[in-house]
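Colleague:
In our numbering, the protein residues as written are 501 to 781.
#1: By Cβ distance, which residues of its chain are closer than 8 Å to residue 752, with the 5 residues on each side in sequence left out?
#2: Could you give the uninterrupted runs of the alpha helix (DSSP H) lying entirely in the region 696-749, keeping only those of 4 residues or more?
#3: Does the distance from the CB of residue 521 to the CB of residue 534 come in under 8 Å?
#4: What does the Cβ neighbour count give for residue 709, buried or exposed, with the cut at 16 atoms within 10 Å?
#5: Does the region 546-555 come close enough to the region 722-731 to have 3 or more Cβ pairs within less than 8 Å?
#6: Just to confirm the assignment: which complete beta strand (DSSP E) runs, minimum length 3, are found wholly within the region 583-656?
#7: Starting from residue 683 and walking both ways along the beta strand (DSSP E), at which residues does that stretch end?
#8: Hey, residue 681 and residue 691: beta-carbon distance below 8 Å or not?
#9: In terms of alpha-carbon separation, which member of 662, 627, 635, 685 lies closest to residue 652?
#10: Closer than 8 Å by C-beta to residue 502: which residues in its own chain qualify, once you throw out the five before and the five after it? Chain order, please.
#11: Per DSSP, residue 534 is paired with what?
#12: Cutting at 6 Å between CB atoms, please list the residues of its own chain near residue 779, excluding the five before and the five after it.
#13: If you count every other CB in all the chains shown that lies within 10 Å of the CB of residue 563, and 16 or more means buried, which is it?
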């Protein structure tokens with residue numbers, strides 16, 4: 501019997517999710533390989549095989565989620581899938597292919613595994629001495645680094661990160677850490693761990709504040725305009741999001757897109773919620 505064809509991580513392709521990848525993730529046989537113990541919730545590394553193809557993936561069963569007092573509706577797995585759908589609607593393909601399905605431990609989120617090198621955030625984030633970010637970097641905030649010393653936290657002035665910051669503003673990402681940014685082969689950048697998103701209140705917490713208050717790019721404006729149309733009642737994206745989120749949460753997505761288009765600028769910290777995730781990596 502021939503070995504299953506291994507589908508590559510989407511980072512080596514020109515686009516994000518594909519019907520073939522989504523079908524593999526949704527209908528393939530999941531085999532648990534191990535557990536990622538650093539995660540706060542149950543995260544299982546698996547292989548998925550279907551129709552002569554296979555790939556590595558992450559499976560997060562709903563049963564393994566820790567309850568969150570401020571996210572009482574639905575579950576984190578549904579929010580992860582919703583984040584993928586919104587990412588795909590932007591055309592930027594910033595979230596690995598993600599589906600909601602049954603697995604060995606019940607319903608959960610299944611997402612394609614993205615291969616990266618060691619410490620992938622190193623090329624995107626840095627701590628620098630002094631008060632200037634330096635060429636090619638954007639300042640975020642000062643951080644204590646021990647022994648009474650502070651350093652400036654910076655992120656790369658990178659168009660991929662700028663797109664990610666727009667996506668995070670739309671989905672209201674409450675946990676954009678450095679370790680949730682995965683540079684993949686071929687120059688693609690992916691964001692993972694979108695369980696704490698889509699809250700109706702402003703909970704944007706991220707390391708990507710370097711463009712706060714600056715005008716959105718023309719590309720971002722065009723993407724947001726198209727996304728606004730896709731979120732209209734009766735459109736496929738709006739219908740699918742209504743199956744994953746509450747009515748109020750879907751309305752809040754529309755409101756955030758409208759606000760971004762209205763101001764034409766990247767959002768700034770609200771002051772009502774910690775703006776930097778902890779730990780930052």
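Just so it is clear, CB atoms sit at the ideal spot from N, CA and C, and this is done for glycine as well. All values derive from a computational prediction rather than experimental measurement.
Modeller: In short:
#1: 672, 698, 699, 700, listed in sequence order.
#2: Entirely contained in the region 696-749, the alpha helix (DSSP H) runs reaching 4 residues are, in chain order, 718-730, 736-744.
#3: Not closer than 8 Å, so no.
#4: Residue 709 is buried by the Cβ-count criterion.
#5: Touching, no.
#6: Annotation: the region 583-656 contains the following complete segments of the beta strand (DSSP E) (minimum length 3 residues), in chain order: 598-603, 606-612, 625-628, 637-646, 649-656.
#7: Segment 681-683, the beta strand (DSSP E) holding residue 683.
#8: Yes, these two residues count as a Cβ contact at 8 Å.
#9: Nearest of 662, 627, 635, 685 to residue 652, Cα basis: 627.
#10: Residue confidence is low: residue 502 scores 41 on pLDDT, short of 50, so the model does not pin down where it sits. No coordinate-derived value is stated.
#11: In the DSSP assignment, the residues bridged to residue 534 are 545.
#12: Excluding positions up to five away in sequence, the list is empty.
#13: Exposed, since its Cβ has fewer than 16 Cβ neighbours within 10 Å.
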